[in-house]
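*Asks:* Sequential numbering from 1 applies to the sequence shown in full-length UniProt numbering. Cβ atoms here follow ideal geometry from the backbone N, Cα and C, with glycine treated the same way.
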Amino acid sequence: MGCHGCYGISESRAQLICAEERKCQLRGKETVVDDFLRNFLRRAGLSRTLNSFEAEWYSSAQKHLTETLMPETVRGETERLRQELLAAGESLVRTQRERGFHRLQYRQVAEDKNRLIEDLNQLKRHLESYEPALRQLDDKYQAALRQRMLITLEKDRVQNTSDARLNREKVEKGRGIKRSDSADKSSAKSPITRQSRDSQFPIYSRQLSPHLAQAKSQKWKNPGSFSLSCSIRAHKMPISCISLHPRKLILASASDDRSWRLWALPMMLTGEGHSDWLSGCSFHPDGSKLATTSGDTTVRLWDFSRGCCVLTLSGHCQVTWGCSFHSCGHFLASCSADKTVKLWDLKSQLCLLTLRRHTTSVNSVCFLPFSNLLLSCSADKTLALWDARLGVCTTTIHGHLHPCNHASFSPAGNVVASCDSSGVVNLWDIRKPASAMATVDAGSLGANQVVFSPFGKMLAVACSDRLVKLVKVDSRAVSTLSGHSDGVQSVTFDHTGESVMSAGSDGLINMWSEHEVNEETKK
Numbered sequence: 001m002g003c004h005g006c007y008g009i010s011e012s013r014a015q016l017i018c019a020e021e022r023k024c025q026l027r028g029k030e031t032v033v034d035d036f037l038r039n040f041l042r043r044a045g046l047s048r049t050l051n052s053f054e055a056e057w058y059s060s061a062q063k064h065l066t067e068t069l070m071p072e073t074v075r076g077e078t079e080r081l082r083q084e085l086l087a088a089g090e091s092l093v094r095t096q097r098e099r100g101f102h103r104l105q106y107r108q109v110a111e112d113k114n115r116l117i118e119d120l121n122q123l124k125r126h127l128e129s130y131e132p133a134l135r136q137l138d139d140k141y142q143a144a145l146r147q148r149m150l151i152t153l154e155k156d157r158v159q160n161t162s163d164a165r166l167n168r169e170k171v172e173k174g175r176g177i178k179r180s181d182s183a184d185k186s187s188a189k190s191p192i193t194r195q196s197r198d199s200q201f202p203i204y205s206r207q208l209s210p211h212l213a214q215a216k217s218q219k220w221k222n223p224g225s226f227s228l229s230c231s232i233r234a235h236k237m238p239i240s241c242i243s244l245h246p247r248k249l250i251l252a253s254a255s256d257d258r259s260w261r262l263w264a265l266p267m268m269l270t271g272e273g274h275s276d277w278l279s280g281c282s283f284h285p286d287g288s289k290l291a292t293t294s295g296d297t298t299v300r301l302w303d304f305s306r307g308c309c310v311l312t313l314s315g316h317c318q319v320t321w322g323c324s325f326h327s328c329g330h331f332l333a334s335c336s337a338d339k340t341v342k343l344w345d346l347k348s349q350l351c352l353l354t355l356r357r358h359t360t361s362v363n364s365v366c367f368l369p370f371s372n373l374l375l376s377c378s379a380d381k382t383l384a385l386w387d388a389r390l391g392v393c394t395t396t397i398h399g400h401l402h403p404c405n406h407a408s409f410s411p412a413g414n415v416v417a418s419c420d421s422s423g424v425v426n427l428w429d430i431r432k433p434a435s436a437m438a439t440v441d442a443g444s445l446g447a448n449q450v451v452f453s454p455f456g457k458m459l460a461v462a463c464s465d466r467l468v469k470l471v472k473v474d475s476r477a478v479s480t481l482s483g484h485s486d487g488v489q490s491v492t493f494d495h496t497g498e499s500v501m502s503a504g505s506d507g508l509i510n511m512w513s514e515h516e517v518n519e520e521t522k523k
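#1: Applying the criterion that 16 or more other CB atoms from any shown protein chain within 10 Å of the CB defines a buried residue, is K189 buried or exposed?
#2: Does the structure place the segment 448-459 close enough to the segment 487-505 that three or more beta carbon pairs sit under 8 Å?
#3: Where does H406 sit, in a helix, a strand or coil, going by DSSP?
#4: Going by alpha carbons, who is nearest to D420 out of R103, C377, S485, D34?
#5: Considering only C-alpha positions, which residue in the set E514, L467, T496, V473 is nearest to D506?
#6: Measuring alpha carbon to alpha carbon, tell me which residue in N372, C393, S255, D138 is nearest P509.
#7: Is the shortest distance between the beta-carbon of L311 and the beta-carbons of chain C less than 8 Å?
#8: May I ask which residues mark the beginning and end of the beta strand (DSSP E) holding T270?
#9: Per DSSP, which one or two residues make a beta bridge with S490?
#10: Return the first residue and the last residue of the beta strand (DSSP E) that A442 is part of.
#11: Output the residue ranges of the beta strand (DSSP E) runs that lie fully inside the segment 300-326 and measure 3 residues or longer, sorted by chain position.
#12: Leaving out five residues before and five after M511 in sequence, what residues of the same chain have Cβ atoms less than 7 Å from its Cβ?
#13: What would DSSP say about F367, mapped onto helix, strand or coil?
#14: What residue from L373, V319, L313 has the CA that sits closest to L350's CA?
#15: What residues match up with Q449 in a beta bridge as DSSP calls it?
#16: I'd like the list of long-range same chain contacts for residue 525, defined as Cβ closer than 6 Å, with 5 residues on each side in sequence excluded.
#17: Which value, in whole angstroms, describes the spacing of the CA atoms of S435 and G399?
#18: Apply the 10 Å Cβ neighbour rule to L134 and answer buried if 16 or more other Cβ atoms are within range, or exposed otherwise.
#19: I need the straight-line Cα distance from S180 to C328, nearest angstrom please.
#20: What does G280 pair with, by DSSP beta-bridge criteria?
#21: Can you list, in chain order, the residues of its chain with a C-beta nearer than 8 Å to that of D119? Leave out the 5 residues immediately preceding and following it.
#22: Which stretch, first to last residue, makes up the beta strand (DSSP E) that contains A396?
#23: Using CA atoms only, rank isn't needed, just tell me which of F36, S490, E90, L481 is closest to F226.
#24: Tell me where the beta strand (DSSP E) around S345 begins and ends.
#25: Pull up the CB-CB distance for T360 and A379, whole angstroms please, since I reckon it's below 8 Å.
#26: Which residues mark the beginning and the end of the beta strand (DSSP E) in which C241 is found?
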């Protein structure tokens, strides 16, 4: 049976209408009860109870209304958000616990760091307390090495002097010449009188290097048979030049750290005095002195027996790039960025000649041994041959397309090798200098120095691509030696040609020695 007023409609529609009526009736009853209780409490003066009742009653009614009217989708979304909120709360608690753990670890690491810093400072103070003793021991060590090297050089000088005296006596005896005491006394006094006058260039026929006599019997060394045998941290700054002692395996190095050093592997002798970086160095023919050039525009002469600079030559107005001794040892040639080459008389300590021909910086200068012929090369892409005795330029060689960095004579003196900033090496016949007799490409970067082996069969090229190139003169075959971490600035052979020594901007001196190559390995 349906409620009254629901006749004449479908049964489902009638059920919905009856449900709505029941809800209205219940809502009406709840309203009557609500009004009764609020009126009762207001009349009784129970205001606080009334406030509590209204708050709880209305919140319950609102909750009931929300649950009644909230759609299923909103209810599910609310539940999902509630679960996510609970998960986020748990994650927050876990993160807070991890934060506490990491804070504890950080405090421990910070305490360890502070303790290590304190220990390091204590060790530094301990090391500083030993520095005076270490400095004193190092000074004693350097003095002992210097004394040992000076003794070696002095013995060599005395031996050479005695050998020269014996040879002179043999020559005089063969010629039937007898020297009197008065002649000995006059000869002993003669150097004093000669020193008051300028030195004279010797006039002699061209003498060949004593090594060339052995060149024909010397077995050819394959450039590929060289390997790195020794590496020395010689300077903390780039090395600009190395030079070999005339007779001993003693190497001089010049560096941007304003010092030069002598290396007898492993002995070392150090000299300081220039006010700017060093650009070059060269041994005196008797091996007792060393000449150095520098960015301070001066040329200095160092005497090993005195352990100091004995002569400073000032005359160039710009950087001096290199120097070379005449075979007699009385003259020194220097080149500079001021476009000139100067000839210095070491006895009178004066500039004998100033040679002007190049139009830009003169980068290298070299005397032909046992000759008055002088070779210079310049950034103007030319080479010049000079008669040092007359002070005139005899030949100008053109052919390089880029600034020329270095040039040197072959041991026989008839061939000149030169290199430029593009890595090209040219070989010139000085009797026919119109065009290069051969051209070798040593790489895409600049070639800084080129030298002949003692027997003239091989060239060593110091390249800016961190490699040393060995060139076989007759076949122009090129092999490479790697071992530097920066550009190679200087290279030289030992007296026998069995070792190559190089120095570069990485401050290293590398020594390359030959090793036997197994024929089966070569095959």
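*Replies:* So, from the listed chains and residues:
#1: Note on K189: pLDDT 39, under 50, position unreliable in the model; no value is reported.
#2: Yes, the segment 487-505 is in contact with the segment 448-459.
#3: Strand.
#4: The option with the nearest alpha carbon to D420 is C377.
#5: Cα-wise, what sits closest to D506 is L467.
#6: Reading off the sequence, residue 509 comes out as Ile, not Pro. Restricting attention to N372, C393, S255, D138, the CA atom closest to the CA of I509 is found in S255.
#7: The question asks about chain C, but that chain is absent: this structure has only one protein chain.
#8: For T270, the enclosing beta strand (DSSP E) begins and ends at 268-272.
#9: Per DSSP, A503.
#10: DSSP places A442 outside any beta strand (DSSP E), giving it a letter other than H or E.
#11: Secondary structure remark: continuous beta strand (DSSP E) runs of at least 3 residues inside the segment 300-326, in chain order: 308-314, 320-325.
#12: Cβ within range, chain order: S229, C230, S499, M501.
#13: When DSSP states are grouped into helix, strand and coil, F367 belongs to the strand group.
#14: Check the Cα spacing between L350 and each of L373, V319, L313: the tightest is with L313.
#15: According to DSSP, which records beta bridges pairwise, Q449 is partnered with A462.
#16: The requested residue 525 is not part of the displayed model; the chain covers only 1 to 523.
#17: Using only the alpha carbons, I get a separation of about 7 Å.
#18: Looking at its Cβ environment, which holds fewer than 16 other Cβ atoms inside 10 Å, L134 is exposed.
#19: Here the model assigns S180 a pLDDT of 45, short of 50, so the residue's position is not dependable and the matter cannot be decided.
#20: G280 is bridged to T293.
#21: Excluding sequence neighbours, D119 sits near nothing in its chain.
#22: According to the sequence provided, residue 396 is Thr. The question's Ala does not apply to it. Here the beta strand (DSSP E) through T396 covers 392-398.
#23: When C-alpha distances from F226 are compared across F36, S490, E90, L481, the shortest belongs to L481.
#24: At residue 345 the sequence reads Asp, which differs from the Ser that was named. Looking at the DSSP string, the run of the beta strand (DSSP E) that includes D345 is 340-345.
#25: With a contact defined as Cβ atoms closer than 8 Å, T360 and A379 qualify at about 4 Å.
#26: Going by DSSP, C241 is part of the beta strand (DSSP E) stretching over 239-244.
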